[in-house]
Amino acid sequence: MLKKLAAVLAPLSSLVVLPTAGPADASATGCTSAPGGLGAYHCGSAYGIGRLVLEGRSSDFPGVTPTNVCYPYARFKYKLAGTSWYTNTYQSAGTCGWGKGWIDVGFNAWMANNSSFSTSQINSANCTWPSLACVSIFD
Amino acid sequence: MASAAGVVAVTLVVVGVERWRDDGPASATPGRVPVVEVSPFAASLIGDGVVTRDEIEQARAATIECFSAEGMTATFAAVNDRLSTMRVDSGAPRAGESQEAADRRWNDAAVRCLHDFLQPVDQVWLRTTAPSEEQMRQSFRELQACAGDVGVTVAAPTPADLTELARLTEDKSVDEGTRAALETCLSTYSVATATGGS
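Protein sequence lines, in the order shown, are assigned to chains A and B.
Counting in my numbering, the first sequence runs from 32 upward without gaps.
Counting in my numbering, the second sequence runs from 10 upward without gaps.
And the structure:
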């Protein structure tokens, strides 16, 4: 299995990338600062095999001040194989969790070659859609 | 399978976004009384201070209808008899609609449908059906036992302890099996003790 890292960069006013984990087979996680309280950050993970995306994860951490993160609502934007547009899937968790709001979504879907798989999240600690964190998918 | 050599790489991006809350910007004038706007639909269900099972089902049905009006498909999946998760798929942009316009419309609908039809009702529903103090204590004992199984002690159900537990699930110096186990412990606890937030 060939492993590469590809960056999909949206226009930025600032960019902070905290340590990005070394990818396991076609999977990766990275974290960055995010809107919210002091020290708030967002992590995104994608798990897949080639262009087959099995699962996506969106996690939000409200920062150093303990906060109950309620109603995490994640947006996943992706292009399915055979389509010419990007679909959006939104997923709610419906619960609260101390210090972390996370959502897993199963996709089990083939994505278009040379497309991106992106995610963001709103929740009770952050009700403005932040910029998308993107994953590059290609053969 | 094709010679799938595709790679998933994550580039996380942050752009400074001013934080707003329901009561306006975070720097709102001190002393101002926050006004949380509730839609007429939600108000009609929560006005008496409680939400019945029939009413939460009404709210879920109305949410599905709201998304449907935008060509989106919403489905609910029960977690237990109190909690449900919701998944919404956008489908394709409308004929002649650009991707950017469709994204904006979908994002707006995602926020509006939740706000107008689901969240306020769901919050009161969770409060109406909140676990008793004894059930909360029992759930915490189960969390302690669950975390204890992987060698982690949780002293009390305080924000600091629970936040530290959440942090451990992301701490790369902790082995992956332990992190996954702690995440399951926290998830189970969150579901069992969901009260609708503050």
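Here a beta-carbon is modelled for each residue, glycine too, at the ideal position from N, C-alpha and C.
Do residue j and residue i have their beta-carbon atoms positioned less than 9 Å apart in this structure?
i: S48(B); j: P129(B); result: yes
i: R106(A); j: T150(A); result: yes
i: I168(A); j: N144(A); result: yes
i: E185(B); j: S90(A); result: no
i: Q137(B); j: V59(B); result: Before going further, note that residue 137(B) is Thr rather than Gln in the sequence given. In this structure, V59(B) lies closer than 9 Å to T137(B) by Cβ.
i: M142(A); j: Y104(A); result: no
i: V97(B); j: T120(A); result: yes
Rounding to the nearest angstrom, what Cα-Cα distance links residue i and residue j in this structure?
i: D170(B); j: A156(B); result: 12 Å
i: H124(B); j: W116(A); result: 27 Å
i: A86(B); j: D170(A); result: 34 Å
i: S99(B); j: F50(B); result: 24 Å
i: R62(B); j: A68(B); result: 10 Å
i: V166(A); j: G87(A); result: 10 Å
i: D135(A); j: Y78(A); result: 11 Å
i: V84(A); j: E143(B); result: 42 Å
i: L152(B); j: A111(B); result: 43 Å
i: P140(B); j: L177(B); result: 27 Å
With DSSP collapsed to three states, give me the class of residue i.
i: P39(B); result: Residue placement at P39(B) is poorly supported in this model, since its pLDDT is 43, which falls under 50; the coordinates are not used for a value here.
i: R62(B); result: helix
i: A83(B); result: strand
i: Y78(A); result: strand
i: A105(A); result: strand
i: R204(B); result: The sequence shown places Thr at residue 204(B), rather than the Arg named in the question. It is coil, neither helix nor strand.
i: E74(B); result: helix
i: L85(A); result: strand
i: Y198(B); result: helix
i: F50(B); result: helix
i: L191(B); result: helix
i: D98(B); result: strand
Find the residues of chain D that neighbour residue i, judging by a C-beta separation of less than 7 Å, and give them in chain order.
i: Q128(B); result: In the displayed structure, chain D is absent; the protein chains listed are A and B.
Residues of the segment 132-146 of chain B with Cβ closer than 9 Å to any Cβ of chain A, in chain order: Q132 and L135
- prompt: What are the complete beta strand (DSSP E) segments, minimum 3 residues, inside the segment 117-177 of chain B?
  reply: none
query: Quick one, which residues of the segment 79-112 of chain B are near chain A if we go by CB-CB under 8 Å, in chain order?
result: V88, L92, S93, T94, M95, R96, V97, D98, S99, G100, A101, P102, Q108, A111 and D112
task: May I have a chain-ordered list of the beta strand (DSSP E) segments no shorter than 3 residues that lie completely inside the segment 128-165 of chain A?
output: 132-141 and 146-153
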